[in-house]
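Here the structure is laid out as structure tokens; the discussion comes afterwards.
There are 2 protein chains.
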Amino acid sequence: MNKSHNSDTANGIQHDQDIDLTNSLRKWADSFGVTLESSEFAAQMDLADPLREVRSNFTFPTMKDLPCVDLSLIEKPDEECIYLCGNSLGLKPKRADAYQQEVLNCWAKLGVFTHFTGRFPAAKCDLLVKDSLVKLVGAENTDEVVCMNGLTVNIHLLLISFYRPTATRYKIMIEGHAFPSDRYAVVSQLNLHGYTEEDGLIILQTRPGEHILRTEDILASIEKHGEHVAVIFLSGVHYYTGQKFDIETITKSGQAKGCLVGWDLAHAVGNVELKIHDWNVDFACWCTYKYLNSGAGGIAGVFIHQKHHHDNRPKFCGWWSNREDTRFEMKHSVDAAAGADSYRLCNPPPALVALHIAGLEIFEEAGMDRLLTKQYLLTGYLEHLMDHLALSDAGEDKFVEIITPRDPRQRGTQLSVMFPFSVKDIHERLEKRGVVCDVRLPSVMRLAPTASYNTFTDVYRFFTVLKQVMIECKM
Amino acid sequence: MNKSHNSDTANGIQHDQDIDLTNSLRKWADSFGVTLESSEFAAQMDLADPLREVRSNFTFPTMKDLPCVDLSLIEKPDEECIYLCGNSLGLKPKRADAYQQEVLNCWAKLGVFTHFTGRFPAAKCDLLVKDSLVKLVGAENTDEVVCMNGLTVNIHLLLISFYRPTATRYKIMIEGHAFPSDRYAVVSQLNLHGYTEEDGLIILQTRPGEHILRTEDILASIEKHGEHVAVIFLSGVHYYTGQKFDIETITKSGQAKGCLVGWDLAHAVGNVELKIHDWNVDFACWCTYKYLNSGAGGIAGVFIHQKHHHDNRPKFCGWWSNREDTRFEMKHSVDAAAGADSYRLCNPPPALVALHIAGLEIFEEAGMDRLLTKQYLLTGYLEHLMDHLALSDAGEDKFVEIITPRDPRQRGTQLSVMFPFSVKDIHERLEKRGVVCDVRLPSVMRLAPTASYNTFTDVYRFFTVLKQVMIECKM
Ligand SMILES: Cc1ncc(COP(=O)(O)O)c(C=O)c1O
Ligand SMILES: Cc1ncc(COP(=O)(O)O)c(C=O)c1O
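Residue numbers (the working numbering), protein chains in the order written: chain A, 1 to 475; chain B, 1001 to 1475.
Structure (structure tokens):
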């Protein structure tokens, strides 16, 4: 699998290359001598998967342990569930337990000396993730990235610095279906500076009947409103639709109009290829409990482009904004740490950093390139089976509607789907059969076959369960 | 011990009562038939201590495990160290390991269902500490308190709401020796609103040659500057001197001048009696890794007085500011949670909440009243031994100078001391002998015999080591 896609780069695909995923999946099927829709195909793909061992780094919930499973509908209660929910909460890396115990042991054994001793020295542990973060987001160097706080806290800390409204340029551009936390954050920042939501927001809307924001429409809106926009703040991959935005193009066009352009990479990091330094992104932030598997409420991340490291914008400060080596001189003024580190406020929690590291190490070991190649095939396979389900079912091709872009260059792992039946009802039926995925109001189900732990067989199992559920629903 | 101090209330003492601590300690000594300066006294006090079993809830570092210990100077390398550093990082509650493992197990077993299931359901776990926090800070009800983020982050979130400068009232009053993080936070808030440190800060200074801020001087400064002061932000117990501020009186006098009055309770919570609702405190915040034993970088706490729950001040928002029951309706505007909960931004980390709970439960079990009574005696005992050391040593009563107030009503557990020799040198010598305490620049050593895990024998052992070190230093 690795070899035959050696030439694939960004997200497993070159932009100028044939991207007929079904075609390349079918070639695999032919080489195995099976049909693409057979269970054997999935089994063969798993065998050929160079990352097949990565799954063993994670603990999978079993069927019988899930609160929603109806055991009378399950053949093997001890079997691993069909977990397609990495978009919400990634699975637990097995090593997390040992790392967490190490944090506890160090505290127990050393008391306050745990601040500077051991594998996760409390006062420096946040620095340990920098190299990994540089690679995951495509930063230029470790000064551009930092882990701290939670995502929404970081959105605020970034906007305090980067949203500097003036009389003529005070608006913030977001999209109409932004994640609520981002919208609430942005609106409260507008309010802080005396602007109302109505006046201060420029909201990107999809065209009537469409789910996906077209890049051309975003660029047109920037062209139209840009001179009044202080900050453009969008998500790298959309939580609801799974759409991946063209970060480079949008950033460039926003900056050409004098806007600062920041990105919420919650659903992008660990999921799609990012080169945010090269793309000249001004600032970015992300959470780590989705594709990076750091656990609920995990410590979040921030990127500040190098060009802003010395531009003296207002910034919230704390003692952790200070350089490490002079911090305990306890001066009256901050002796600022380099780059993104100066955005830190508090001493970091080693318990959360250790969990973050447990997840990141698996990415280091697997290699993001290989994960991207696998993700491309895995999502393409899910897409094909969903299409097959729709077509095979009496030719109703709207049976299952995938609203995520069909072009793999415009998405990551997640497919968002709609059904002609109640999505809540379908979701409940799937859950009873051991499928874990989620629903976002008003009407999509999110399916994220995650390259680090999902198999082609997981996707195939999901497909057979869904087929069954759909038949039930039609009855 | 309990009985004979039954009438003691606030911090173990009634304000109108005889507070000659040495006298009451001496009565204990007489009743044991030993001298107050003998090791037997400490042993007897430990036997009489109704909280003597509480210590067994904590893991004590042993002599041999500490990085600074010189084993050639230690008789029993397996003995517990002399830990007087609860002011910096409290010791690990033994149960923390099991709770942390429960968080990990739940994540492993349930995946995303860990959000709503199990002992520490990720999406609600932060609510579990509210009852304890109400008691510890003296809130009126659970709506007034919340745990979230780190302390300095919370200082900023509070000041965004409560620091609303106007042309004539834009100053912030802090004290000259405020903890750096607090000062950096306050100054960056001033800057955000366009004020400079020079113009915007009103700094309370001690009188020449004094270490302790006199309440009368604070009140005089409020009287003088109050009409221009938007916010008074002080610490409940001072990190450097150990002084406990008269929160009630200062709050009242600030409010009489039209100021809002907020408190950083980092060194006060779990250490001194707090009734911040009754004292009419506008807002407060604290960290939990000191006396509350939640571990480095532990989740922090916030108090918002009920009177501010509906005053519509600007506030940073996130999806966690929203009511729990409507959060996933993902509306465009925040449907605000009650009171302090509306200051939350992010989904909480169960790993940190579980550690917080491990510490809080011990407080619940021991009872804050009993802890305060013990603290009063323990600190008084340390004070007496330090005085004794000074006097016994050739009558030089400045041998060890305690800068913390001598009046136990004006302090908590911490004594801050100065020496006629290099404090760094003394500190190193103490550390070599298994004493854990810290030094804060420029010149104090902080000693915190912590009621939840320290014994009278710990204090006595410290005294004998210090005596030895002082003799060495004089040589
Ligand atoms: C009074 C005071 N304020 C602020 C802080 C900083 O706390 P954090 O790093 O948790 O934000 C401390 C830490 O010791 C403190 O004692
Ligand atoms: C796009 C986006 N923004 C913000 C958040 C909120 O994150 P947090 O609770 O970590 O602040 C999420 C959480 O899923 C998200 O997906």
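In this text, a Cβ means the ideal position worked out from N, Cα and C, and glycines have one as well.
All values reported here derive from a predicted model rather than from experimental measurement.
**Q.** From A:Cys259, A:Lys64, A:Leu355, residue whose alpha carbon lies closest to that of Cys147 of chain A
**A.** A:Leu355
Q. What is the C-beta distance between Leu1382 of chain B and Leu1447 of chain B, in whole angstroms, given that I count them as a contact (C-beta under 8 angstroms)?
A. 6 angstroms
Q.
Which of the three DSSP states is assigned to Thr1251 of chain B in this structure?
A. helix
Q) What number of angstroms, rounded off, separates the C-alpha of Thr1326 of chain B from the C-alpha of Gln1205 of chain B? A) 49 angstroms
Q: Output yes if chain B places a C-beta closer than 9 angstroms to the C-beta of Gln205 of chain A; else output no.
A: no
Q) Quick one: which chain A residues come within Cβ less than 8 angstroms of Gly1434 of chain B? A) Those within 8 angstroms of Gly1434 of chain B in chain A number zero; the least Cβ separation is about 11 angstroms.
(Q) Closer than 8 angstroms to a non-hydrogen atom of ligand 2 - does that hold for the CB of Tyr289 of chain A? (A) yes
Q) Taking Cβ positions only, does Leu457 of chain A come closer than 9 angstroms to chain B? A) A small fix is needed here, since residue 457 of chain A is Thr in this sequence, not Leu. Thr457 of chain A does not count as touching chain B.
Q: Could you tell me whether the segment 329-338 of chain A touches the segment 163-180 of chain A, using the rule of 3 or more Cβ pairs below 8 angstroms?
A: no
Q.
Relative to the C-alpha of Arg95 of chain A, which candidate in A:Ala358, A:Pro349, A:Phe233 has its C-alpha closest?
A. A:Ala358
**Q.** Where the alpha helix (DSSP H) through Gly1200 of chain B begins and ends
**A.** 1197-1200
**Q.** Alpha-carbon spacing of Arg1119 of chain B relative to Ser88 of chain A, whole angstroms
**A.** 20 angstroms
Q) From the DSSP output, which residues share a beta bridge with Gly1111 of chain B? A) Bridge partners of Gly1111 of chain B: none, in fact.
(Q) Could you check if Gly1200 of chain B belongs to the surroundings of ligand 2, using beta carbon to heavy atom distance under 8 angstroms? (A) no
Q: Would you kindly check if the distance between the Cβ of Ile299 of chain A and the Cβ of Asp126 of chain A is under 9 angstroms?
A: yes
Q | Sequence ranges, alpha helix (DSSP H) only - wholly within the segment 113-183 of chain A, length at least 4 | A | 130-137, 151-162
Q | Classification of Leu1151 of chain B by the beta-carbon crowding that lies within 10 angstroms, buried from 16 upward | A | buried
Q.
For a contact defined as C-beta to C-beta under 8 angstroms, what are the partners of Pro1061 of chain B on chain A?
A. Ala108, Lys109, Leu110, Gly111, Phe113
Q: Quick one: residues in its chain with C-beta nearer than 7 angstroms to the C-beta of Gly1434 of chain B, no 5 flanking neighbours on either side, listed in chain order?
A: Met1063, Leu1066, Val1069, Ile1074, Cys1081, Ile1082
Q. Applying the criterion that 16 or more other CB atoms from any shown protein chain within 10 Å of the CB defines a buried residue, is Phe463 of chain A buried or exposed?
A. buried
Q: Return the CA-CA distance between Glu1040 of chain B and Leu1051 of chain B, expressed in angstroms with no decimal places.
A: 18 angstroms
Q) Alpha carbon to alpha carbon, how far is Asp1423 of chain B from Leu1430 of chain B? A) Reading off the sequence, residue 1423 of chain B comes out as Val, not Asp. Straight-line Cα distance between these residues: approximately 10 angstroms.
Q. Does Lys1315 of chain B get closer than 9 angstroms to chain A when you measure Cβ to Cβ?
A. yes
Q. Relative to chain B, which residues along the segment 164-185 of chain A have a C-beta separation below 8 angstroms, given in chain order?
A. Phe179, Pro180, Ser181, Arg183, Tyr184, Ala185
**Q.** From B:Lys1432, B:His1277, B:Val1417, residue whose alpha carbon lies closest to that of Ser1072 of chain B
**A.** B:Lys1432
**Q.** Through-space distance from Pro349 of chain A to Val1439 of chain B, alpha-carbon basis
**A.** 22 angstroms
Q | chain A within 9 angstroms of Ala1337 of chain B, Cβ atoms only | A | no
Q: Provide the residue span of the alpha helix (DSSP H) that contains Ser447 of chain A, from first to last.
A: Checking the sequence shown, residue 447 of chain A turns out to be Leu, not Ser. Not the alpha helix (DSSP H): Leu447 of chain A falls in the beta strand (DSSP E), residues 444-447.
Q) Between the segment 1290-1301 of chain B and chain C, which residues of the former have CB atoms less than 7 angstroms from a CB of the latter, in chain order? A) Looking at the structure shown, chain C is missing, and the protein chains on hand are A and B.
Q.
Please report the distance separating the alpha-carbon of Gly1194 of chain B from that of Arg313 of chain A.
A. 12 angstroms
Q. Is there at least one Cβ from chain A nearer than 9 angstroms to Ala1451 of chain B's Cβ?
A. no
Q. When burial is assigned at 16 or more other CB atoms within 10 Å of the CB, is Glu273 of chain A buried or exposed?
A. buried
Q | Proximity winner among B:Pro1408, B:Cys1346, B:Tyr1460, B:Ile1203, relative to Tyr184 of chain A (alpha-carbon distances) | A | B:Cys1346
**Q.** Minimum C-alpha distance to Cys85 of chain A - residue among B:Cys1106, B:Phe1113, B:Thr1059
**A.** B:Phe1113
**Q.** Residues of the segment 1343-1356 of chain B with Cβ closer than 7 angstroms to any Cβ of chain A, in chain order
**A.** Leu1345, Cys1346, Asn1347, Pro1348, Pro1349, Pro1350, Ala1351, Leu1352, Leu1355
Q.
Does the beta-carbon of Asp1153 of chain B, which I'm using as the reference point, lie nearer than 8 angstroms to any heavy atom of ligand 1?
A. In the sequence as displayed, the identity of residue 1153 of chain B is Val instead of Asp. Because some heavy atom of ligand 1 lies under 8 angstroms away, the Cβ of Val1153 of chain B counts as near it: yes.
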